[in-house]
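First comes the structure, then the notes that go with it.
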Amino acid sequence: MIKIGIIGKTNAGKTTLFNSMTLQSAEISNYPFTTKSPNTAVADVETLCVHKEFGVKDNPKNSKCEEGWRFIPIEVTDLPGLIKGAWMGKGLGNQFLSVAAQSDALLHVVDASGSVDKDGKVTEPGNGDPIADFADVELELVLWYTKMFQSNLVKIAKSSKLPGADLATAVTEVMQGIGVKKEHVNFAISEALLGDKEIENWNEKDIQNFCWVLRDVSKPTLIIANKMDLPSAAENFQKLREHYKDLIVVPTSGEAELSLRRAQTKGWIKYIPGEERFEVLKPQELNDAQRTALAYIRRKVFGEYLRTGVQFALNITTFKLLKMNALYPVADPEKLTDKSGNVLPDVYLLPAGSTLDDLAESVHTDLHKGLLYAVDVRTGLHLPTDYTLRDRDVLSIVSTSRRG
Ligand SMILES: Nc1nc2c(ncn2[C@@H]2O[C@H](COP(=O)(O)OP(=O)(O)OP(=O)(O)O)[C@@H](O)[C@H]2O)c(=O)[nH]1
Ligand SMILES: [Mg+2]
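Next comes the structure, spelled out in structure tokens:
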């Protein structure tokens, strides 16, 4: 399952976002460092389901389908807030950073309303500096990567000199546990202009440059501009977008999403996460405060930003940053069912460039072992095992052992 980590300064609203995505009840407060250890739970990403195109009614098994949208589970981890010096192990730093580094992608949350001061205490909106907050946390992360690289320098230098070895392979061996791939290392060597320099001759600056690029390329990150419902958030959101041009900045209100998801669970409103509207179903069951809160969300969040942004952020991370494709394996190419008769039962997420062979491996080892070909349900064509999968493919995989 895809793993997404939520990082950021204390009080930025990480746990509120986490609870709104996963419907958990992890502790939220306006005191700094409320979260003491990581919380992990399942959330969903959303993609347009193929069942309408085929004119069938589906029976999802590994996912859910609501009003034409497929919701596919992913894993989300909420991390403790960060303090300066975390990379050296200060506070909960090390624990935080190693979990963050194991995620496939990161949501880096900043308080766009600027209501958290430099020490993480809640202040008047507008007093905080979200651009500096983002830079501080990023620096900690890069320093942690640098420390990991530096403490393995002797080992890397030695194994890169072994017969048949090279520098990129040696670095990858040491750092693959945190998602670093050989192509990332090669890219970082070339971006930092270190292709012609023996590793023994890399100076501090070379190492720093190399580690910045490595962090960027190996860990896709989305900036979440949170607390958009508060004053001064709009201005800071623009500033963040201008300052961090190479990154995607998504405006969110975690608090609004959490209120809506909870109201929806209680049956008070109809709301599908990600949609640009909600409907009050039981106005008589709401008290004055709840009515006011919903009216505020409608005006300040949906009125100005169309949506709370939370589901959108998860979708963008999965489909744009991680370049995932949604794939629908079925056993019966005519009925689009599995062996038990469930229509379009499962969706798998695999990164762009994956092949039919990769899909078969994800579905079942036996299917993979005897893999012959797949039938493209749309065209009836037989696809070879090295066929490059496309988003929303519906495929009946044929192997010597079984159909899946
Ligand atoms: N107005 C507004 N307040 C929010 C929003 N999200 C979170 N908050 C508030 O911000 C404060 C901090 O929220 P948390 O979710 O505990 O923040 P955190 O980033 O997990 O904090 P640590 O665990 O200390 O690192 C709480 O008072 C929340 O109610 C939002 O979207 N809008
Ligand atoms: Mg928290």
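Take 1022 as the starting number for the sequence shown in the working numbering and just add one per residue. Glycine included, C-beta positions come from ideal geometry on N, C-alpha and C. The model shown is predicted, which means the values in this text are computed figures rather than measured ones.
On the DSSP bridge list, what partners appear for residue i?
i, result
"V1163", "Its beta-bridge partners do not exist; DSSP assigns none."
"G1029", "V1130"
"W1090", "L1069, E1087"
"V1415", "Y1349"
"S1420", "L1392"
"Y1408", "Paired residues: none, contrary to the question."
"P1372", "M1345"
"N1060", "D1099"
"H1403", "V1396"
"I1290", "V1301"
Taking C-alpha atoms, which residue in the options lies nearest to residue i?
i, options, result
"V1364", "K1082, T1037, L1069", "K1082"
"V1331", "Y1052, D1138, E1074, D1065", "D1065"
"S1050", "M1022, P1252, L1038", "L1038"
"L1380", "L1307, R1399, L1402, R1411", "R1411"
"S1422", "N1222, D1359, L1388, Y1326", "L1388"
"K1260", "G1185, S1134, A1277, A1033", "S1134"
"L1174", "L1188, E1161, Y1326, V1163", "L1188"
"T1338", "L1268, L1103, A1186", "L1268"
"R1328", "H1385, K1248, E1256, Q1311", "K1248"
"V1191", "N1080, F1208, K1176, P1366", "The question names Val, yet the displayed sequence has Ala at residue 1191. Of the candidates N1080, F1208, K1176, P1366, the one whose C-alpha sits nearest the C-alpha of A1191 is K1176."
If you measure between the beta carbons of residue i and residue j, is that distance less than 9 Å?
i, j, result
"P1059", "P1094", "no"
"K1057", "V1131", "no"
"V1271", "F1333", "yes"
"A1178", "I1220", "yes"
"N1336", "E1067", "yes"
"L1243", "A1126", "yes"
"K1024", "T1098", "yes"
"L1343", "P1372", "yes"
"F1258", "A1246", "yes"
"I1028", "L1162", "yes"
"H1385", "A1395", "no"
"Q1305", "A1284", "no"
"G1200", "S1124", "yes"
Length at least 4, wholly inside the segment 1292-1317: the alpha helix (DSSP H) runs in chain order: 1309-1317
Runs of alpha helix (DSSP H) wholly within the segment 1195-1275 (minimum 4 residues, chain order): 1203-1212, 1225-1239, 1254-1264
Segment contact flag, the segment 1291-1300 with the segment 1238-1254, C-beta cutoff 8 Å, min 3 pairs: no
Cβ contact check for the segment 1146-1155 and the segment 1261-1271: 3 or more pairs under 8 Å: yes
Cβ contact (3+ pairs, closer than 8 Å) linking the segment 1159-1177 and the segment 1226-1233: yes
Given 8 Å, three or more beta-carbon pairs between the segment 1342-1362 and the segment 1299-1306: no
Meets three-Cβ-pair contact criterion under 8 Å: the segment 1371-1378 and the segment 1312-1329: no
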